[in-house]
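Under our numbering, the first residue of the sequence shown carries the number 88, and numbering increases by one thereafter.
The C-beta atom is built at its ideal place from N, Cα and C for all residues, glycine as well.
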Amino acid sequence: MPRPEPRLRLLVTEDRVHADEHWTRQMPRLLGPLGVEAARVPSGTAALDAASRMRFDIAVIDLATPAGGSGPLRPPASGLWLLEVLRRMEGAPATVVINAAAGPRQAERLLLASLRLGASAVIPRPVELNTLLEAIRRVLRRGHQDRWPGDAATRPPAA
Numbered sequence: 088m089p090r091p092e093p094r095l096r097l098l099v100t101e102d103r104v105h106a107d108e109h110w111t112r113q114m115p116r117l118l119g120p121l122g123v124e125a126a127r128v129p130s131g132t133a134a135l136d137a138a139s140r141m142r143f144d145i146a147v148i149d150l151a152t153p154a155g156g157s158g159p160l161r162p163p164a165s166g167l168w169l170l171e172v173l174r175r176m177e178g179a180p181a182t183v184v185i186n187a188a189a190g191p192r193q194a195e196r197l198l199l200a201s202l203r204l205g206a207s208a209v210i211p212r213p214v215e216l217n218t219l220l221e222a223i224r225r226v227l228r229r230g231h232q233d234r235w236p237g238d239a240a241t242r243p244p245a246a
């Protein structure tokens, strides 16, 4: 029997240094039963590769995600670079950014840069899972008229 189409596709990038943080590992397990397909990728280039093969509704971008790749065409090591490239793709996903700033000035600079590049929400690290899920819910409310992609019968239960 073919697997049903997911209601929502989520792309999650992770920073190698914090790859064991519970939120990146828990996203697929927590959201899978609700019909959400969460794809975790370890680098910016892996995120672009995944986004070129599949349409994602939301991308959760950790600004500390390594760029990946090698050689002279290696992109800069910045989640902002990934945010900008994703924004220019046809059918670009809405984005939620994880800000790993070291201090208040850097946090403010990255917040403003993320919003200028079209981020729908910016969440500070350490990531509180409930805060992240609420940001995703708000993005869905704006981008999908308070509906999960798909049929009305497939909506998740109200929180």
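Nearest to S139 by C-alpha distance, out of L204, G178 and W110, is G178. Beta-bridge annotation (DSSP): I223 is not paired with any residue. Taking all protein chains in view, the Cβ of T152 is crowded by 16 or more other Cβ atoms within 10 Å, so the residue is classified as buried. The DSSP assignment places complete alpha helix (DSSP H) segments of no fewer than 4 residues inside the stretch 108 to 165 at 109 to 118 and 131 to 140, in order along the chain. Exclusion of the five residues before and after L97 leaves M114, L118, V123, E124, A125, A126, F143, D144, I145, A146, V147 and I223 as the residues of its chain whose Cβ lies within less than 8 Å of its Cβ.
For L197 against N186, the beta-carbon gap comes to about 5 Å, under 8 Å, which counts as contact. Closest in alpha carbon position to G205, among P180, V128, L95 and L219, is P180. By the neighbour-count definition (other C-beta atoms within 10 Å, threshold 16), L150 is a buried residue.
For L98, the enclosing beta strand (DSSP E) starts and ends at L95 to T100.
When DSSP reads this structure, T182 sits in a beta bridge with A146. Of the residues assessed, L199 falls on the exposed side of the cut-off, its CB having fewer than 16 other CB atoms within 10 angstroms. Look at V214 here: in three-state DSSP terms it is coil, with no helix or strand label. Inter-residue distance for D102 and R212 is about 11 Å (C-alpha atoms, whole angstroms).
Put simply, of R112, R94 and L95 the residue whose alpha carbon is nearest the alpha carbon of V214 is R112. No residue range can be given for L204, since it is assigned to no alpha helix (DSSP H) and is classified by DSSP as neither H nor E. Taken through DSSP and simplified to helix, strand or coil, E195 comes out as helix. One thing to note: S201 has its Cβ within 8 Å of the Cβ of L170.
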